[in-house]
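Number of protein chains: 2
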Amino acid sequence: MKRTIITITLVFVASLLQAQTSFKKDSTLIKSIYNTALLNGKSYDWLDHLSNEIGGRLSGSFNANKAVKYTKAELDELGLDKVWLQPVMVPKWTRGQKEYAYIETGPGQTSIADICALGGSVPTPKLGIKAQLIEVTSLDELATLGREKIEGKIVFYNRPMQADLINTFEAYGGCVDQRYSGAMEAAKYGAVAVVVRSMNLRADDFPHTGSMTYGDTPVDQRIPACAISTNGANYLSSALKILPSLYFYFKQNCKTYDDVLSHNVIGEITGTEFPDKYMLVGGHLDSWDLGDGSHDDGAGVVQSMEVLRLFKEIGYKPKHSIRVVLFMNEENGLRGGKKYAEEAKLKNEKHIFALESDAGGFTPRGFSFDLDEANFKQVESWKPLFEPYLIHYFAKGGSGADIGPLKEEGIVLAGLRPDSQRYFDHHHAATDTFDAINKRELELGGAAMASLVYLFDTYGTKTELTSIKN
Amino acid sequence: MKRTIITITLVFVASLLQAQTSFKKDSTLIKSIYNTALLNGKSYDWLDHLSNEIGGRLSGSFNANKAVKYTKAELDELGLDKVWLQPVMVPKWTRGQKEYAYIETGPGQTSIADICALGGSVPTPKLGIKAQLIEVTSLDELATLGREKIEGKIVFYNRPMQADLINTFEAYGGCVDQRYSGAMEAAKYGAVAVVVRSMNLRADDFPHTGSMTYGDTPVDQRIPACAISTNGANYLSSALKILPSLYFYFKQNCKTYDDVLSHNVIGEITGTEFPDKYMLVGGHLDSWDLGDGSHDDGAGVVQSMEVLRLFKEIGYKPKHSIRVVLFMNEENGLRGGKKYAEEAKLKNEKHIFALESDAGGFTPRGFSFDLDEANFKQVESWKPLFEPYLIHYFAKGGSGADIGPLKEEGIVLAGLRPDSQRYFDHHHAATDTFDAINKRELELGGAAMASLVYLFDTYGTKTELTSIKN
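So, in structure tokens, the structure goes:
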């Protein structure tokens, strides 16, 4: 009996001491990650080049190809174990000449705020399109109005993002159906075009583009779709109150080409213990064309590159193989993400963890996860390690679009969650530029990511441990 | 025995139910505070006026007086129980003509980045001052160098803010002795002037002003002090490596006048149960003169006003008297804060809680507190109420300069803690302007403050409860 008690006590004390030792070791390593990022980070310089020397990187564009070349060359410099390009066919859509819009306030016209074509939209006829507007706040409202009220008109979707939601991505999610499906739905009732209020919480003059779908609408029934700035939408709405029958004119000559060849850019540090088990960090290399894509998703690209650079810099040799993947074509096709997952499956590459940064380069607040309860418990046990860095948010719910296709039983998917309040001021607009990036905020994101990858590398995923035990 | 168990169980269940009910009530009220702030906030409009219609509000300036008039008028509009001005004498210092600097790289001169006089500095002689530079990284280094190396020279303080600290205020605290005491210390060794690296973590071209002291240095031995931008400081340092004997020239014609009359602006909602117990929210109305003082501390001013407006708007009638105090002269004298505390003491006004917002208008992360353990435990019990709003940081350590003089046994002092990463890009510089403010971030700060005030109003401070019980 006495011996049993002594044994239990010893085991308890030993495990307590071990936990303390691990905590100290982990704290020290994480501190060295942060110090290296903040004192000697590379992500800001990389992003400066991507944003200012290259610029907007829409899939299939010359700039997107330049970005592939540039990031591959930079990864080559890091002394990783492997760096390669993964070919992937991507859509090619070009905006063409600057869009133009006015309203008829006869006699004569009144110029209105900037508009922009939605990504993937068909052009207007060469001389533009002019029709009466009908303002709606939801797709459902179309059915209520019916063909009678809609036919021959331009549907104006004007439901604003909900400002009282704290997470602005939630507000985006509650609004983006207007942009994504608005044209497809309006065409069913005979609308000739759509104009959509920009997905932006701020009142400003910048139109925000973004992807849209025509679904299986026959080619000859596809109608042009543009976005108007939030100020422009408010203006249009108030003008309609004065002149309900006013005509709206716009012109855009965007064009869709055949798919073209592009690439995911991949770098790897091969694991010392489990070289055939993969942990992935990534962002997407393509961006929309209006700004230079600094926040969406230049930030995620350079932060992901920085994770591997930090490991090299501090001399950390991961047990698992760690890959950085710079995905092509997140914005209008997700071809890169799909291709990567497809090949990983073909080659039977076992991915146990994937982390994406695609929510802007602002101060990191934490991570969201797509994982089971056992893994989430483990993540929660790491909270005290992140607290000194003001990383507090650990929640289930979503990771990243590009890593979504990797989802299968047991894999842990995660997304970096930066502060979201300013994000939609910049998202998909001409305001997504390098001057809106703060160096420290960007670096803190890369450091937070590297710290999480380090912890998963050290302790494994719970699923992995279970499968090892079995 | 059985009865005792039943009683204990019932008491336990009852207290559990009560806790649940309180939590629900508090959650609902806090939600209405946030919704009102985000959907119908007033702070952004107020700040727009303060920043763009009035501008920089250095103590004793015409603009500072305009700001007093404007904020009093706005408080008058809110239907508070009392609004008044509290007279206070403040220092008056003016910058005068734009400062100018160059280095002699003979033959001829090389213009260098902008400099600015430190607040309170004496001017240079009318024709400027020119001397050799001696670069140091600390006040201690002066003693090592001694009078021999320093006499007749301009001391160039060039210790940067420490970038690997997560809390940028800590980095500021570790550097600001150069600005505050640099001239006073250098004068002791016969220096003729000082130039100080700006307190800024970012590499840019903007000099940052701020307060300095001459201590008891006799008037005729006071030497002029200016700040140089971080880029300028790096340039100067590298130029010194090439030309160690180079001459630095600068000219500034700032001037100190006699003290002038100014005012704290105060508004009050009188408490329904404890009208003679006061809870205070505040920020400082004065700012430096280079920018328009949007972050420092226009944000704190309008957020504090917003706390009382939100209470009126949602129909919340506080039990304690709640005062908003817009302090004058935080930047170069703290006269407003001292005067308020002095009068409160004279009138025997019992203050139980004071909260200041003076750390910028960025996304609020939490609060820091100056309080005893019992009160801190209570604050920590409120964490779950703040989590939906991503307010995670509750720590001991500091509150705000203006409310500091109120400190006495039992009072709870608190400071709003916004994200600090970008703050010193703007602090005391021409970059502290309204365009660097995000409406939502600003509004979230006011809502977080109102929520904390509501909780202290509802549950009291622990000290208060103890004194009631006794």
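Chain order of the listed sequences is A and B. Okay, so the first sequence: first residue is 591 according to the numbering used here, each after it adds one. Okay, so the second sequence: first residue is 591 according to the numbering used here, each after it adds one. Yeah, the Cβ is synthetic: ideal placement off N, Cα and C, and Gly gets one too. Note that the structure is a prediction, hence the values are computed from the model and not measured.
Cβ-Cβ distance between residue i and residue j below 9 Å
{"i": "residue 957/A", "j": "residue 1004/A", "result": "yes"}
{"i": "residue 706/B", "j": "residue 798/B", "result": "yes"}
{"i": "residue 1008/B", "j": "residue 959/B", "result": "no"}
{"i": "residue 692/A", "j": "residue 840/A", "result": "yes"}
{"i": "residue 695/A", "j": "residue 836/A", "result": "yes"}
{"i": "residue 811/A", "j": "residue 689/A", "result": "no"}
{"i": "residue 633/A", "j": "residue 1036/A", "result": "yes"}
{"i": "residue 981/B", "j": "residue 907/B", "result": "no"}
{"i": "residue 1001/B", "j": "residue 942/B", "result": "yes"}
{"i": "residue 761/A", "j": "residue 774/A", "result": "no"}
{"i": "residue 791/B", "j": "residue 962/B", "result": "no"}
{"i": "residue 891/A", "j": "residue 637/A", "result": "yes"}
{"i": "residue 1023/A", "j": "residue 649/A", "result": "no"}
{"i": "residue 898/A", "j": "residue 912/A", "result": "yes"}
{"i": "residue 874/A", "j": "residue 926/A", "result": "yes"}
{"i": "residue 1073/A", "j": "residue 845/A", "result": "Since the first residue shown for chain A is 591 and the last is 1060, residue 1073/A is missing from the structure and cannot be characterised."}
Top-ranked residue by Cα proximity to residue i, from the options
{"i": "residue 915/A", "options": "896/A, 878/A and 980/A", "result": "896/A"}
{"i": "residue 945/B", "options": "766/B, 625/B, 773/B and 872/B", "result": "872/B"}
{"i": "residue 772/A", "options": "733/A, 641/A, 795/A and 1050/A", "result": "733/A"}
{"i": "residue 788/A", "options": "808/A, 782/A, 736/A and 727/A", "result": "727/A"}
{"i": "residue 894/B", "options": "712/B, 668/B and 1024/B", "result": "668/B"}
{"i": "residue 702/A", "options": "770/A, 792/A and 824/A", "result": "824/A"}
{"i": "residue 829/B", "options": "922/B, 782/B, 699/B and 627/B", "result": "699/B"}
{"i": "residue 724/B", "options": "626/B, 838/B, 795/B and 625/B", "result": "838/B"}
{"i": "residue 687/A", "options": "795/A, 714/A and 670/A", "result": "714/A"}
{"i": "residue 1034/B", "options": "978/B, 1053/B and 996/B", "result": "978/B"}
{"i": "residue 635/A", "options": "986/B, 793/B and 939/B", "result": "793/B"}
{"i": "residue 712/A", "options": "765/A, 612/A, 847/A and 822/A", "result": "847/A"}
{"i": "residue 866/A", "options": "939/A, 954/A, 820/A and 834/A", "result": "939/A"}
{"i": "residue 901/B", "options": "684/B, 737/B, 1044/B and 742/B", "result": "1044/B"}
Buried or exposed (CB count within 10 angstroms, at least 16 for buried), residue i
{"i": "residue 617/A", "result": "exposed"}
{"i": "residue 1047/B", "result": "buried"}
{"i": "residue 919/A", "result": "buried"}
{"i": "residue 971/B", "result": "exposed"}
{"i": "residue 1030/B", "result": "buried"}
{"i": "residue 1058/B", "result": "Note that residue 1058/B scores a pLDDT of 47, beneath 50, so its modelled location is shaky; the value from the coordinates is reported in the next line. Looking at its Cβ environment, which holds fewer than 16 other Cβ atoms inside 10 Å, residue 1058/B is exposed."}
{"i": "residue 856/A", "result": "buried"}
{"i": "residue 744/B", "result": "buried"}
{"i": "residue 630/A", "result": "exposed"}
{"i": "residue 608/A", "result": "exposed"}
{"i": "residue 870/A", "result": "buried"}
{"i": "residue 1011/B", "result": "buried"}
{"i": "residue 782/A", "result": "buried"}
{"i": "residue 590/B", "result": "Past the boundaries of the shown model lies residue 590/B; chain B is included only from 591 to 1060, so the question cannot be answered."}
{"i": "residue 674/B", "result": "exposed"}
{"i": "residue 832/A", "result": "exposed"}
{"i": "residue 889/A", "result": "buried"}
{"i": "residue 936/B", "result": "exposed"}
{"i": "residue 611/B", "result": "exposed"}
{"i": "residue 602/A", "result": "exposed"}
One or two residues paired with residue i in a DSSP bridge
{"i": "residue 944/A", "result": "870/A and 1003/A"}
{"i": "residue 725/A", "result": "746/A"}
{"i": "residue 701/A", "result": "692/A"}
{"i": "residue 858/B", "result": "672/B and 913/B"}
{"i": "residue 851/B", "result": "679/B"}
{"i": "residue 839/B", "result": "692/B and 720/B"}
{"i": "residue 815/A", "result": "784/A"}
{"i": "residue 985/B", "result": "958/B"}
{"i": "residue 706/A", "result": "817/A"}
Assess, as a yes-or-no matter, whether the segment 873-885 of chain B is touched by the segment 642-651 of chain B under the definition of 3 or more beta carbon pairs within less than 8 Å.
-> yes
Given 8 Å as the limit, is there contact between the segment 750-761 of chain A and the segment 710-721 of chain A, that is, 3 or more CB pairs closer than that?
-> no
Check whether the segment 671-680 of chain A touches the segment 852-863 of chain A, counting contact only when three or more Cβ pairs, one atom from each stretch, lie closer than 8 Å.
-> yes
Three or more C-beta pairs closer than 8 Å, one from the segment 652-663 of chain B and one from the segment 812-827 of chain B: is that the case here?
-> no
Can at least three beta-carbon pairs, one atom from the segment 659-666 of chain A and one from the segment 591-600 of chain B, be found at a separation below 8 Å?
-> no
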